[in-house]
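Structure record follows, encoded as structure tokens.
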Amino acid sequence: MQRSAELATEGILDDRTAHTRSMERLPYQSVRVNFANSDYRNVCEDFGGGFDAWPAWEALGNFLAHRPGWHFDVVKHGEPLWSLGLLGESRLNVSVEDDGSYHCYDADRDDDVTLSSVGDVESWVEPREDEARKPSRVLLGMARSDDWRILKAHLFQLYVSWSDGYFAATLPALTETGFGRTLAEAVNHAGQMLCHLFGAPIELAPQLTMLLELDVAATRRLGFVT
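Numbering (UniProt numbering), first residue to last: 1 to 226.
See the structure below:
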């Protein structure tokens, strides 16, 4: 298969080990790579077939950009790829072919198909999404090993908002949100939801590494801006 099953776990054991509290950090592990032209269009044109392929990538981006769990990456052979899966998994993935068609791969079934329109991609994606948003059996086994090392090492991103007296910490990879009167409560509730998803003890929640992105209301509530 063009998208081999190894893509399903690609990225799980990457440089996120820099965030493992129990591991000695090496200087290079703190390096984050930036690109001068890293916006979606430039990446698609530079790596995904050039100017002629952009309309297909644009349509695909408009479809997948705000669907929970989908992430866009440049994978190991320099290919841009939309994927669905937790902790870097790619249980479903979609890319644009040279002729503007869409290559869709289901890692669980080791099955692929080429489709001509985003509407066809939507019909292919929708019945598979709910299952693909969960951890695969492989990922669950890896996460539970070595005292939950991978779960502790992964950097989870939370979007935090505030309204009506509550903070809301949303996990972009899921449709779940943790609420709390304080920021700490909301983040802890989000962590507990992650623990529940992986079958981990909820006492592990405070040990998870979270990167918070606060909206203006949450930032003002915390007194960082006036």
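Even for Gly, the Cβ is constructed at its ideal location relative to N, Cα and C.
Which residues does DSSP list as the beta-bridge partners of Asp106?
For Asp106, which the question treats as bridged, DSSP gives the partners Leu92, Asp111.
Tell me Leu212's beta-bridge partners as DSSP assigns them.
For Leu212, which the question treats as bridged, DSSP gives the partners Leu158.
Taking a contact to mean a Cβ-Cβ separation below 8 Å, would you say Ala169 touches Thr177 in this structure?
Contact: yes.
Arg144 to Glu131 span [Cα, whole Å]
Roughly 19 Å between the two C-alpha positions.
Cα separation between Trp148 and Val113?
Rounded to the nearest angstrom, the gap between the Cα atoms of Trp148 and Val113 is 35 Å.
Which of the three DSSP states, helix, strand or coil, is assigned to Pro135?
In this structure, Pro135 counts as coil in the three-state DSSP scheme.
Collapsed DSSP secondary structure at Val74 in the structure displayed
Val74 carries a strand assignment under DSSP once its states are collapsed to helix, strand and coil.
Which residues mark the beginning and the end of the alpha helix (DSSP H) in which Leu64 is found?
That run of the alpha helix (DSSP H) goes 54 to 64.
By Cβ distance, which residues of its chain are closer than 8 Å to Trp70, with the 5 residues on each side in sequence left out?
If you ignore the 5 residues before and after Trp70, its C-beta comes within less than 8 Å of the C-beta of Leu64, Trp82, Ser83, Leu84, all in its own chain and listed in chain order.
On the three-state DSSP scale, how would you describe Ser163?
The answer is strand: DSSP assigns Ser163 an E or B state.
Rounded C-beta distance between Glu79 and Ser95? I'm assuming under 8 Å.
Between the beta-carbon of Glu79 and that of Ser95 there is about 6 Å, and that keeps the pair under the 8 Å contact cut.
Terminal residues of the alpha helix (DSSP H) in which Gly191 lies:
Counting along the chain, the alpha helix (DSSP H) containing Gly191 begins and ends at 183 to 198.
So who's on the other strand from Trp148, going by DSSP bridges?
The partner list for Trp148 (beta bridge, DSSP) is empty, contrary to what the question assumes.
Does the structure place the region 213 to 225 close enough to the region 188 to 199 that three or more beta carbon pairs sit under 8 Å?
Counting C-beta pairs with one atom in each stretch, the region 188 to 199 and the region 213 to 225 have fewer than three that are closer than 8 Å, which means they do not touch.
Report the option in His154, Phe167, Tyr105, Val125 whose CA atom is closest to the CA atom of Leu208.
The residue among His154, Phe167, Tyr105, Val125 with its C-alpha nearest the C-alpha of Leu208 is His154.
Would you decide whether Lys152 is buried or exposed? Buried here means 16 or more other CB atoms lie within 10 Å of its CB.
Classification for Lys152: buried.
Helix, strand or coil: how does DSSP classify Pro201 here?
Here Pro201 sits in coil by DSSP.
Out of curiosity, what's the CA-to-CA distance linking Met23 and Ile150?
Any answer about Met23 is weak, because its pLDDT of 44 lies below 50 and its placement is not dependable; what the coordinates show is given next. If you take the alpha carbons of Met23 and Ile150, they lie about 12 Å apart.
CB-CB length for Pro135 against Leu92, believed under 8 Å
With a beta-carbon spacing of about 14 Å, Pro135 and Leu92 fall beyond the 8 Å limit used to define contacts.
Can you tell which of Ser123, Asp146, Ala173, Thr182 has the C-alpha that lies nearest to the C-alpha of Gly165?
Across the set Ser123, Asp146, Ala173, Thr182, the C-alpha of Thr182 shows the shortest separation from the C-alpha of Gly165.
Could you compute how far the alpha carbon of Trp54 sits from the alpha carbon of Cys44?
Looking at the two C-alpha atoms, the distance is approximately 7 Å.
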